[in-house]
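Novice: The sequence shown begins at 3 in this note's numbering and counts up one residue at a time.
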Amino acid sequence: MNGTKSSAVHGPQATSGLRILTLRVNGSVYRCAAAPQALLLDILREEFRLVGTKRGCDMGTCGCCNVLIDGKAVPSCLVLAFDCEDKEIQTVEGLSLEEDGHLHPLQEAWAHSGGSQCGFCTPGFLMTSKELLACNPNPSREEIERALSGNVCRCTGYQKIVDAVSLAAKNMREWKEGGKQ
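In structure tokens:
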């Protein structure tokens, strides 16, 4: 397959009931051997080496591990990898790919607004924000706060994060209105 990325298959394929897992992530096809109970978060980080997605609470309550699955922000710590075989997965690494290698408007706004301090939670916030702006390109501050309520940041007071999403929404609207679709 063209564009296929493969992860090493650890041990004999027949060992321990491992099966071949094929996922489409950030527009590329990835394969590895995995146990049926393997979580998407573990496969992304350990097998595919896409480490932008962070491990936070392992309970789906902090938002650190959010990825987009068919456009919806989902905590990857709660999703079985094999349940994603026929779905499109996007991680934070895939954001800049949409913009021909340039930072995504969300990433630019985050940097401009000082939306992150330690940066640990930033990938999850970015993915949640991307879903919000895809569904609502002109959200109010209240709508942004509501959309991000499932994401936890232990460093900031959230003001700069909300500012960043608001700025990204504004910039994306202006870009689209300028005919640069």
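We put the beta carbon where it would ideally sit given N, CA and C, even for glycine. Since the model is a prediction, treat every value here as computed from it, not as a measurement.
1. Considering only DSSP beta bridges, list what C59 is partnered with.
2. In terms of residue numbering, what span does the alpha helix (DSSP H) encompassing N173 cover?
3. Out of N28, E179, C155 and K132, state which residue places its alpha-carbon closest to the alpha-carbon of S168.
4. Which residues bound the alpha helix (DSSP H) around E147?
5. Report the partner residues of K74 according to the DSSP bridge assignment.
6. Which of the three DSSP states is assigned to Q39 in this structure?
7. Consult DSSP for V94 and reduce its assignment to one of helix, strand or coil.
Specialist: The short version:
1. Within the sequence shown, numbered from 1, the residue matching residue 59 stands at position 57. Its beta-bridge partners do not exist; DSSP assigns none.
2. Sequence index remark: in the sequence shown, residue 173 carries index 171 (1-based). Taken as a continuous stretch (DSSP letters only), the alpha helix (DSSP H) holding N173 covers Q161 to E179.
3. Counting from one through the sequence shown, the residue named residue 168 turns up at place 166. Nearest C-alpha to S168: K132.
4. Your numbering for residue 147 matches position 145 in the sequence shown. Unbroken alpha helix (DSSP H) run through E147: R143 to A149.
5. Position 72 of the sequence shown, counted from the first residue, corresponds to residue 74. The partner list for K74 (beta bridge, DSSP) reads I71.
6. The sequence position of residue 39 within the sequence shown is 37, counting from 1. Q39: coil per DSSP, three-state reduction.
7. The residue labelled residue 94 in the question sits at position 92 within the sequence shown. Correct three-state label for V94: helix.
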